[in-house]
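A.B. asks: Protein sequence lines, in the order shown, are assigned to chains A and B. Start counting the first sequence at 179; every next residue gets the next number (my numbering). Start counting the second sequence at 107; every next residue gets the next number (my numbering). Where a beta carbon is used, it is the ideal one built from N, C-alpha and C, also for glycine. Can you read through this structure? Questions will come right after.
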Amino acid sequence: MNSPKTVLVVDDSRFSRLISRTFILSKYPDWIIEEAASGEEAIEKMGRISPRLVLMDVNMPGMGGIAASEKLRMQFPELCIFLQTANIQESTRNKATAMGVGFLEKPISEERIHKVLAELENG
Amino acid sequence: MFELTELQHDALIEIFNIGVGHAASALSEIVSEEVGMSVPMISFRKRAEAASKLDNDEERRICGVRQNFQGSFNTEAILMFPEEKSLEIVRLMVGGSLSMQELTEMEQEAMSEIGNIILNACVGMLANMFKDDLRSSLPSYHIGSSDDLLSIDENHADDVVMMLNIDIVLEKHQIDGRVAFLMDMTALQDLRPHLDHYFAGLIS
Numbered sequence: 179m180n181s182p183k184t185v186l187v188v189d190d191s192r193f194s195r196l197i198s199r200t201f202i203l204s205k206y207p208d209w210i211i212e213e214a215a216s217g218e219e220a221i222e223k224m225g226r227i228s229p230r231l232v233l234m235d236v237n238m239p240g241m242g243g244i245a246a247s248e249k250l251r252m253q254f255p256e257l258c259i260f261l262q263t264a265n266i267q268e269s270t271r272n273k274a275t276a277m278g279v280g281f282l283e284k285p286i287s288e289e290r291i292h293k294v295l296a297e298l299e300n301g
Numbered sequence: 107m108f109e110l111t112e113l114q115h116d117a118l119i120e121i122f123n124i125g126v127g128h129a130a131s132a133l134s135e136i137v138s139e140e141v142g143m144s145v146p147m148i149s150f151r152k153r154a155e156a157a158s159k160l161d162n163d164e165e166r167r168i169c170g171v172r173q174n175f176q177g178s179f180n181t182e183a184i185l186m187f188p189e190e191k192s193l194e195i196v197r198l199m200v201g202g203s204l205s206m207q208e209l210t211e212m213e214q215e216a217m218s219e220i221g222n223i224i225l226n227a228c229v230g231m232l233a234n235m236f237k238d239d240l241r242s243s244l245p246s247y248h249i250g251s252s253d254d255l256l257s258i259d260e261n262h263a264d265d266v267v268m269m270l271n272i273d274i275v276l277e278k279h280q281i282d283g284r285v286a287f288l289m290d291m292t293a294l295q296d297l298r299p300h301l302d303h304y305f306a307g308l309i310s
């Protein structure tokens with residue numbers, strides 16, 4: 179049996195964080211879900227937690243998800259990060275690819291999240 | 107008065123039709139049912155007039171989400187539904203995974219997020235077609251008459267804007283909404299080369 183993993187959900191929308199949390203726990207009820215409402219808060223929390231996965235919104239007040247992901251990528255090269263965003267523009271997808279970050283299109287779906295979690299569990 | 111050529115007009119309709127089609131697909135995924143769309147309607151009005159004409163029924167209360175997009179052209183994008191239907195839309199989105207109390211508490215945030223997804227799905231598609239990068243503001247949520255949705259700066263109340271409306275309908279649940287885009291004349295001028303380029307790409 180695999181040990182519980184921690185996922186950090188970064189989104190300024192409390193609703194989106196709740197949906198992500200609900201979908202993750204529906205499949206992995208013993209996993210730990212941490213939340214941050216901004217890129218700054220996510221970076222600050224990374225000093226205290228060691229998530230296996232970060233789900234990062236893009237359009238947020240403050241530094242935004244792209245800048246926060248860049249920063250996390252530099253500090254934690256092995257960390258699995260996915261942009262989870264309504265911003266479906268090619269330019270945003272290209273930025274994700276350039277950073278070595280995955281891309282999850284909103285609306286958040288149970289199926290899409292579970293696919294990422296299964297890869298994480300197996301890898 | 108600014109005028110589009112017939113081809114530019116057609117290209118504009120076609121492009122927004124594709125964009126809202128993508129948005130309707132996102133909405134359909136959110137509510138798990140088919141979403142119907144009307145033909146886009148374009149009109150030119152004074153900004154103050156546009157606010158009152160955002161909704162067909164000037165009297166009814168609506169909940170709306172507005173976002174501004176900026177790039178090689180600027181646009182204001184608005185998604186609106188009748189106020190009494192918003193909780194039902196949120197409930198359709200989350201199914202049975204949240205309690206009614208949680209739903210009610212989060213109605214405003216949920217509608218903002220739904221607006222964010224729908225409007226970005228549409229404008230993101232336009233940006234991809236134009237090979238552009240459009241930056242969006244955070245979604246702002248409003249409840250009230252359609253007048254309340256657009257903040258009217260007195261200095262710009264008489265400015266002419268182009269308003270493009272597409273109605274969307276969730277037939278199964280009898281929910282009708284609207285996606286609207288507003289562009290001032292400068293934005294329309296900026297958009298014109300994109301329309302020409304799009305049309306040239308189609309016939310080449």
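For A/Thr275, decide whether its Cβ has a neighbour in chain B, counting only Cβ atoms nearer than 8 angstroms.
C.D. replies: no
A.B. asks: Which residues in the same chain have their Cβ closer than 6 angstroms to the Cβ of A/Ile197, if we skip the five residues on either side of it in sequence?
C.D. replies: Ile286
A.B. asks: How is A/Met179 classed by DSSP in three states: helix, strand or coil?
C.D. replies: With a pLDDT of 46 at A/Met179, under the threshold of 50, the predicted position of this residue should be treated as unreliable, and no value is reported.
A.B. asks: Out of B/Ser134, B/Lys159 and B/Ile136, point me to the one whose CA is closest to B/Ala286's CA.
C.D. replies: Among B/Ser134, B/Lys159 and B/Ile136, the Cα nearest to that of B/Ala286 is on B/Lys159.
A.B. asks: Taking only the alpha-carbon atoms, compute the straight-line gap between B/His300 and A/Asn272 and give it to the nearest angstrom.
C.D. replies: 22 angstroms
A.B. asks: Output, in sequence order along the chain, the residues in the stretch 191-206 of chain B whose CB is closer than 9 angstroms to any CB in chain A.
C.D. replies: Val196, Met199, Val200, Ser203 and Leu204
A.B. asks: Excluding five sequence neighbours on each side, which residues of the same chain lie with their C-beta closer than 7 angstroms to the C-beta of B/Asp238?
C.D. replies: Around B/Asp238: Gly177 and Ser178.
A.B. asks: Closer than 8 angstroms, CB to CB, is A/Leu196 near chain B or not?
C.D. replies: For A/Leu196, the answer is yes, since a Cβ of chain B falls inside 8 angstroms of its Cβ.
A.B. asks: Quick one: what does DSSP say B/Ser310 is sitting in, helix, strand or coil?
C.D. replies: DSSP places B/Ser310 in the coil class of the three-state scheme, outside both helix and strand.
A.B. asks: Just to confirm my understanding: we take B/Pro188, look at its own chain, exclude 5 residues before and 5 after, and list those with CB closer than 7 angstroms. What are they?
C.D. replies: Arg166 and Ile168
A.B. asks: Consult DSSP for A/Lys148 and reduce its assignment to one of helix, strand or coil.
C.D. replies: Missing from the structure shown is residue 148 of chain A; chain A here goes from 179 to 301 and no further.
A.B. asks: For A/Lys284, return the contacting residues in chain B, with the cut-off set at a CB-CB distance below 7 angstroms.
C.D. replies: Ile223
A.B. asks: Can you pull the chain A residues whose beta carbon is under 8 angstroms from the beta carbon of B/Ala233, in chain order?
C.D. replies: Listed by position along chain A, the residues whose Cβ is nearer than 8 angstroms to that of B/Ala233 are Gln267, Glu268 and Ser269.
A.B. asks: Could you pull out every unbroken beta strand (DSSP E) segment of at least 3 residues lying fully inside the stretch 162-205 of chain B, listed in chain order?
C.D. replies: 168-176 and 181-188
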